[in-house]
Amino acid sequence: MNRPICKRCLLRELDGEYFQSIYRYIENLPKEQKASGEEYARRLALCRTCDDLQNGMCVQCGCFAEVRAAKRKLGCPLEKWKKEGA
Ligand code: SF4
Numbered sequence: 001m002n003r004p005i006c007k008r009c010l011l012r013e014l015d016g017e018y019f020q021s022i023y024r025y026i027e028n029l030p031k032e033q034k035a036s037g038e039e040y041a042r043r044l045a046l047c048r049t050c051d052d053l054q055n056g057m058c059v060q061c062g063c064f065a066e067v068r069a070a071k072r073k074l075g076c077p078l079e080k081w082k083k084e085g086a
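Just so it is clear: in the sequence shown, position 62 is 62 by the numbering used here, and no numbers are missing.
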């Protein structure tokens, strides 16, 4: 069955065992590589307003937004995560 594309959805809104393994991957990232919880939430809130988020994936970079946002050193390919004045 084909599922419709869910624009502005994160993986957490989709279901399936596959996604659980992605969450385990995020959980197990070394602490020094992880964005803070506050920064992670801020980034994902911005992704949720972005038309390039489809079925949990950023169509600009091909990453799952939740994985990209979890990695401290990664940024948005369109620089939407940049803080003002940074
Ligand atoms: S990483 Fe940037 S371009 Fe990709 S979905 Fe998030 S805000 Fe949009």
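Built from N, CA and C at the ideal position, the CB exists for glycine as well. Every value quoted in this text rests on a predicted model; they were computed, and no experiment measured them.
> According to the Cβ coordinates, are L10 and C50 closer than 9 angstroms?
Replying inline: Inclusion of L10 and C50 in the CB contact set at 9 angstroms is not warranted, their separation being larger than that value.
> Under the three-state reduction of DSSP, which class applies to Q20: helix, strand or coil?
Replying inline: In the three-state reduction of the DSSP assignment, Q20 falls in the helix class, which pools H, G and I.
> From which residue to which residue does the alpha helix (DSSP H) around G37 run?
Replying inline: Its alpha helix (DSSP H) spans residues G37 to C47.
> Hey, N55 and R3: beta-carbon distance below 9 angstroms or not?
Replying inline: Judged by beta-carbon spacing, R3 lies within the 9 angstroms limit of N55, meaning their Cβ atoms are closer than that value.
> Would you say L44 and E66 are within 9 angstroms of each other, going by their C-beta atoms?
Replying inline: The Cβ atoms of L44 and E66 lie closer than 9 angstroms to each other.
>> Check this for me: beta carbons of Y121 and K31, under 9 angstroms apart or not?
In response: The question about residue 121 has no answer here: the residues shown for the chain are numbered 1 through 86.
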